[in-house]
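Residue 133 in this note's numbering sits at position 149 of the first sequence, with consecutive numbering throughout.
Glycine included, C-beta positions come from ideal geometry on N, C-alpha and C.
Read the structure below first, then the notes.
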Amino acid sequence: MKTGGPNRVGSGAQPCWVGASGPPLGRDFFEREAVACARELVGAVFRRGDCAGIVVETEAYSEHGDEACHTFFRPSARRFVEEHDAGAAYVYFNYGMYWLTNVLIKNPRTGERGFVLLRALEPVAGLDLMRRRRGRENPRDLCSGPGKLSMAFGLDGADHGKSFVASAEHGFFPSPETSRLEVVADRRVGISRSRNHAWRFLAAGNPHVSVKFGRVK
DNA sequence: AAGAAGATCAAT
DNA sequence: TTGATCTTCTTG
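As C-alpha cells, this is what we get:
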C-alpha cells in the first residue's frame, strides 16, 4: 500500500484511518491484564495527528511479580498509577536522550495494573513528517524501537498523563492485521530484572521490529 | 550533595 | 563495543 498522507476513508460517526477496520479501541480495552493487552495490541493501528503505524512490537510490565516495572522502584510511577485511568499515556525520559511511550493498564475487576510499552511500529502514514523528526530516510529506521517511534510520532513529556483512549488527537484502531498477523512471545529487551518473563510480543517476521525474535541475550 | 542505574540509539 | 546525556531515586 502506497501512503502519501493520512487518507481518511469510510464515513459515519467513527472515522477510519489508513489500515483501520473499525471504531477506535475504547477504555474497556485497557481495563484488562497488561499481558493480554500487550499481545492484542500487536496488529492494531496507532494514529497520532497525521502519522499512523501498525503496532508490531510491545512489552507488558506488571505492578505485581515484575521487578522490571517502574512501580517496583519508582514512587512517582506508583503515584501515576493511582492518579490516572486505564489508557493514560505514561511517557518518560530515558538514558538522558529518549522518550519512551507506555499505556497504563488497569483491570477494575481483579485490581491488576501495569503498562504496555510501545516498542515498534510499521509506519503507514505521515512518513515524510517522521523522516523530518527522525533525520532518517529508510522506513525501517523510523519506528523500529521505543525511542525511535516516540520521536517519529512527536511523543514526549507533554503527552505524559494524556489519555490514549481515542480522541481527535490520537488513538488505537483495530485493523485487518490484528487477525492476520502471527504473534510470538519472547523475553523483554534492555532490562536486568525479571528477565524470565516472555512478555515481549512481536509480529512474526515483520522487518520493523527493534530486535528480532530469539535475539535477546 | 553526590553517585548510580537506567524499558536507547547511532557511530565505530 | 562505546559514548552521549539527564532524570529519578538513594545514601550520607
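| Item | Value |
| --- | --- |
| Nearest-angstrom Cα distance between residue 183 and residue 99? | 11 angstroms |
| In three-state DSSP terms, what is residue 21? | helix |
| Which residues in the same chain as residue 50 place their Cβ atom closer than 6 angstroms to its Cβ, once the five residues preceding and following it in sequence are excluded? | 178 |
| Going by C-alpha to C-alpha distance, which of 195, 36 and 64 sits closest to residue 47? | 64 |
| Apart from the five residues just before and just after residue 128, which ones in its own chain have a Cβ nearer than 7 angstroms to its Cβ? | 104, 192, 193 and 194 |
| What's the gap between the Cα of residue 81 and the Cα of residue 9? | 30 angstroms |
| Count Cβ pairs between the stretch 5 to 21 and the stretch 66 to 81 that sit closer than 8 angstroms; are there 3 or more? | yes |
| Which residues bound the beta strand (DSSP E) around residue 143? | Here residue 143 belongs to no beta strand (DSSP E), and DSSP marks it neither H nor E. |
| Considering residue 42, what are the terminal residues of the beta strand (DSSP E) in which it resides? | 35 to 46 |
| Looking only at its chain, what residues have a beta carbon closer than 8 angstroms to the beta carbon of residue 130, apart from the 5 residues adjacent to it on each side? | 82, 84, 85, 101, 102, 103, 104 and 194 |
| By DSSP, does residue 158 sit in helix, in strand, or in coil? | coil |
| Return the Cβ separation of residue 141 and residue 75 in integer angstroms, given the expectation that the two are a contact with Cβ distance under 8 angstroms. | 6 angstroms |
| So, helix, strand or coil for residue 116, using DSSP? | helix |
| Pair every Cβ in the stretch 24 to 38 with every Cβ in the stretch 148 to 164, then say whether three or more of these pairs are closer than 8 angstroms. | yes |
| Going by alpha carbons, who is nearest to residue 143 out of 159, 88 and 118? | 88 |
| Along the chain, where does the alpha helix (DSSP H) containing residue 57 start, and where does it finish? | 54 to 57 |
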